[in-house]
Structures are given as C-alpha cells and as structure tokens.
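These notes concern the structure reproduced below.
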Amino acid sequence: MARPSLLDTEICRIFKTRYPIWNVGFGSGARAELAAAVSNAGGLGVIGGTHVPVERIAEEVAKVRALTDKPFGVNFILQGIVNLPNLADLIRERILRWFEVGAPVMVFFWGDPAEFVNEAHRAGTKVVLQAGSVDEARAAKDAGVDAIIAQGFEAGGHVKSHIALATFLPTVVDAVAPLPVLAAGGIADGRGIVAALDLGAQGVSLGTRFVASREAYVRDEYKERLVSATAEDTYYTDLYDVGWPNAPHRTLRTKAIEEWEAAGRPPIGKRPAEGVAIGIEHRPWGDVEVKRYAPFMLTPDFDGQAEYAPLWAGESVELVRDVKPAGDIVRDLVREAEEVLARRV
7 MARPSLLDTE
17 ICRIFKTRYP
27 IWNVGFGSGA
37 RAELAAAVSN
47 AGGLGVIGGT
57 HVPVERIAEE
67 VAKVRALTDK
77 PFGVNFILQG
87 IVNLPNLADL
97 IRERILRWFE
107 VGAPVMVFFW
117 GDPAEFVNEA
127 HRAGTKVVLQ
137 AGSVDEARAA
147 KDAGVDAIIA
157 QGFEAGGHVK
167 SHIALATFLP
177 TVVDAVAPLP
187 VLAAGGIADG
197 RGIVAALDLG
207 AQGVSLGTRF
217 VASREAYVRD
227 EYKERLVSAT
237 AEDTYYTDLY
247 DVGWPNAPHR
257 TLRTKAIEEW
267 EAAGRPPIGK
277 RPAEGVAIGI
287 EHRPWGDVEV
297 KRYAPFMLTP
307 DFDGQAEYAP
317 LWAGESVELV
327 RDVKPAGDIV
337 RDLVREAEEV
347 LARRV
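Counted the way our numbering counts, the sequence shown spans residues 7 to 351.
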C-alpha cells in the first residue's frame, strides 16, 4: 500500500489524484502521451483540446484512455467565442462533444465558462477556470465551477493577470473560499509548490517545466532553448496576435521579436512581413498555413521558418535544467516538496 503523501490536499480528493500536480494543456504540444505520463505518476495530465475537430474528439480521448486508467483533463481556450463569432457555434459544439465522450475534467481559459458548467456536470465532467483576475475568479465560482487556477504574471504562454503570483494567489484564495485554488506561474520545483501551498493553494499547474519533458510534442530545439534560458530571456508582449488579439503573452526572444524591435516596434499593420506565411502546420486533420505573428505551438508538425515561431516560456524557465520523462518530473516535484515539508515536522 502506498504511503500517505504530505501533499494530499482537497484538489487530490476532488479530482481523484494522488498528488495536486497538473500539467498545463499547452495546445497541440500537450497530447495523450504527456497527459498519461503525468496521470500515471499521480498528477492530473491535461491535453490541449481547443483545435481538435468534433469528429476527432472521441479518438483523442481513446488515445489517453489506452495509456492510463487515471483521470485526465482537457484544456480549452474560449476566446474564439468572442473573437471569432462566425466560429462560435462550432466552438460550442466541440466543447459539448468533449463532455459527451467523457472527458473527466475541462480546464477553460480566456473566457466565461458559465454557459457550460451545468452541461458538464450533467455529463460527469468537472470544470476548472484558469483566472487572471479576482472578478473573473468570483464569477466562475458563482457559475459553479469545481476549482480555480490562479495564473500569476510570471507565467508563460498567454497571460491574463498583471499581478505576481505571490500577491494574486492569496487574493484569489480569499475571494473564492472555500472553493479550492491551484497556482500557476513561476513554479518549476518542489520549493515553488510548497510556497504556493503556504499562500493558500491546494495544488499547482505547471507549463514550462512540462514543455521540457520527453513526452511534450514540441520541437527538440524548443526544449533545448528552455534548458539554456534564464528568466531574463523571457519577453512579455502582445506581438503574436493573429486570430487572438489583445492577448498578452510571455515567450522567449525570437527572430520575429528582434526584427520587430529593430524596426522600431511598429503597430499592427506596419510590422515586418505582416501577413506573410512562415510555414505549414501538418495537423492530423489537415494542413494549416501559419503566418508570422501567429500564436501557435512549435511542434514536429511544423514545416517552415521555426526561428519566427513563438517559444512560450514563463519566468520559471530559470529553474528548468534538463529534459526528462514527465513521470520523473512529477516524482522529482513530489520528492522536493515533501523534503521541504518534512523539515517542518
């Protein structure tokens, strides 16, 4: 029988995991192999689900279930409902399909999940919102979500919050109590997990650390950049905005950023090579042309000028020193956190 964990929290009980450690479902880079590895190690593995066509959703769930019998989650970006109104009905159809095929957990971001909560619960799916403000977290609580992820300003990828996690997290915890809160942004080791728990979190959601895992479906040169980067190499901007406007994000510096800066940081419509295709992303359901400043994930499916692709990374990249199996990352995080907690006993 497994020994009790010092990291056993309410998040573990609600979502039926051994540890309160989740990976971020970072788009097409977070697939079944990553989610299964995290879940099998005791965390909650999360896949990216936003762009999966309705007719492929059952297949994606089957891929995860073939690799693990543990719970897993699906990350879904809601911004398209507002920014792409001609696709809003299709986006809603995709979300409902994830519920229908039995996704255990849906993690929503960048939008209001209220209209989906009751339908999710009827299907047996738990709902989580990654929030970037206290008001957003409160509204999600009122809508009936099962947990909140508080994303601090340090995070990589798209970032809604303008406040550092050390201040934002306890503010959210107080605002939505007794609803459990996970912390995201700036965490990449066990010390960060314990710090988040001390600030009131019941769990953590890590992105950058899991991008640098063997199972992450991203290009090797991206992972290598993460291992060699420092926090000062990250760049907070809204440059990569094609199809997702007014959405600040954090990435490593890229050639697109360098050329834009050299041009004097011109506004939208006057940026270097704006509208020019940089390559093709060969998705399982068809090829997609990628233009400069598109916010996509640099995966092995991309064929083109990779130097212009965003390399999403949070400030915790400073603590990412190797690429290893995701299960080992979970076990390392648990060991490090439990060592810190054990010293307090």
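Here a beta-carbon is modelled for each residue, glycine too, at the ideal position from N, C-alpha and C.
Alpha carbon to alpha carbon, how far is residue i from residue j?
i: residue 359; j: residue 275; result: The question about residue 359 has no answer here: the residues shown for the chain are numbered 7 through 351.
i: residue 329; j: residue 119; result: 34 Å
i: residue 249; j: residue 281; result: 12 Å
i: residue 116; j: residue 297; result: 22 Å
i: residue 236; j: residue 210; result: 22 Å
i: residue 124; j: residue 327; result: 42 Å
i: residue 57; j: residue 238; result: 31 Å
i: residue 307; j: residue 294; result: 10 Å
i: residue 102; j: residue 53; result: 16 Å
i: residue 24; j: residue 233; result: 28 Å
i: residue 147; j: residue 185; result: 7 Å
i: residue 230; j: residue 173; result: 31 Å
i: residue 96; j: residue 86; result: 10 Å
i: residue 13; j: residue 55; result: 28 Å
i: residue 76; j: residue 208; result: 20 Å
i: residue 70; j: residue 219; result: 17 Å
i: residue 170; j: residue 199; result: 15 Å
i: residue 278; j: residue 260; result: 14 Å
i: residue 336; j: residue 183; result: 27 Å
i: residue 16; j: residue 33; result: 27 Å
i: residue 288; j: residue 309; result: 8 Å
i: residue 324; j: residue 240; result: 10 Å
i: residue 263; j: residue 11; result: 44 Å
Does residue i come out as helix, strand or coil in the three-state DSSP assignment?
i: residue 293; result: strand
i: residue 167; result: coil
i: residue 268; result: helix
i: residue 122; result: helix
i: residue 193; result: coil
i: residue 44; result: helix
i: residue 21; result: helix
i: residue 185; result: coil
i: residue 211; result: strand
i: residue 147; result: helix
i: residue 29; result: strand
i: residue 127; result: helix
i: residue 87; result: helix
i: residue 240; result: strand
i: residue 262; result: helix
i: residue 287; result: strand
i: residue 325; result: helix
i: residue 252; result: coil
i: residue 104; result: helix
With residue i and residue j assumed to form a contact (beta carbons below 8 Å), what rounded beta-carbon distance in angstroms separates them?
i: residue 112; j: residue 94; result: Contact doesn't hold; Cβ gap of about 17 Å is too wide.
i: residue 188; j: residue 153; result: 6 Å
i: residue 109; j: residue 134; result: The pair is not a contact, with the Cβ atoms about 12 Å apart (cut-off 8 Å).
i: residue 256; j: residue 162; result: 5 Å
i: residue 4; j: residue 129; result: Outside the shown range of the chain (7 to 351) lies residue 4, about which nothing can therefore be said.
i: residue 175; j: residue 206; result: 7 Å
i: residue 196; j: residue 43; result: In fact, because the Cβ distance is near 18 Å, the residues do not count as touching under 8 Å.
i: residue 73; j: residue 38; result: 6 Å
i: residue 312; j: residue 227; result: 7 Å
i: residue 149; j: residue 333; result: Not a contact, Cβ separation roughly 34 Å.
Considering only the alpha carbon of each residue, which of the options lies closest to residue i?
i: residue 213; options: 176, 136, 293; result: 136
i: residue 314; options: 103, 347, 266; result: 266
i: residue 45; options: 263, 57, 30, 56; result: 30
i: residue 299; options: 18, 253, 158, 42; result: 253
i: residue 338; options: 216, 32, 242, 170; result: 216
i: residue 36; options: 345, 121, 302; result: 302
i: residue 193; options: 283, 228, 156, 178; result: 156
i: residue 159; options: 219, 340, 319; result: 319
i: residue 50; options: 21, 33, 241; result: 21
i: residue 62; options: 19, 290, 345; result: 290
i: residue 107; options: 121, 98, 340, 64; result: 64
i: residue 367; options: 268, 264, 122; result: Given a span of 7 to 351 for the chain in the structure shown, any question on residue 367 remains unanswerable.
Let me know if residue i comes out buried or exposed under the rule of 16 or more other beta-carbons within 10 Å of its beta-carbon.
i: residue 28; result: buried
i: residue 321; result: buried
i: residue 363; result: Examination of residue 363 is not possible in this model, given that the chain is present from 7 through 351 alone.
i: residue 349; result: exposed
i: residue 167; result: buried
i: residue 292; result: exposed
i: residue 165; result: buried
i: residue 100; result: buried
i: residue 304; result: buried
i: residue 40; result: buried
i: residue 351; result: exposed
i: residue 258; result: buried
i: residue 84; result: buried
i: residue 316; result: buried
i: residue 66; result: buried
i: residue 345; result: exposed
i: residue 222; result: buried
Would residue i pass as an interface residue toward chain B - the criterion being a Cβ-Cβ separation below 8 Å?
i: residue 325; result: Among the chains of the structure shown, chain B does not appear; only one protein chain is present.
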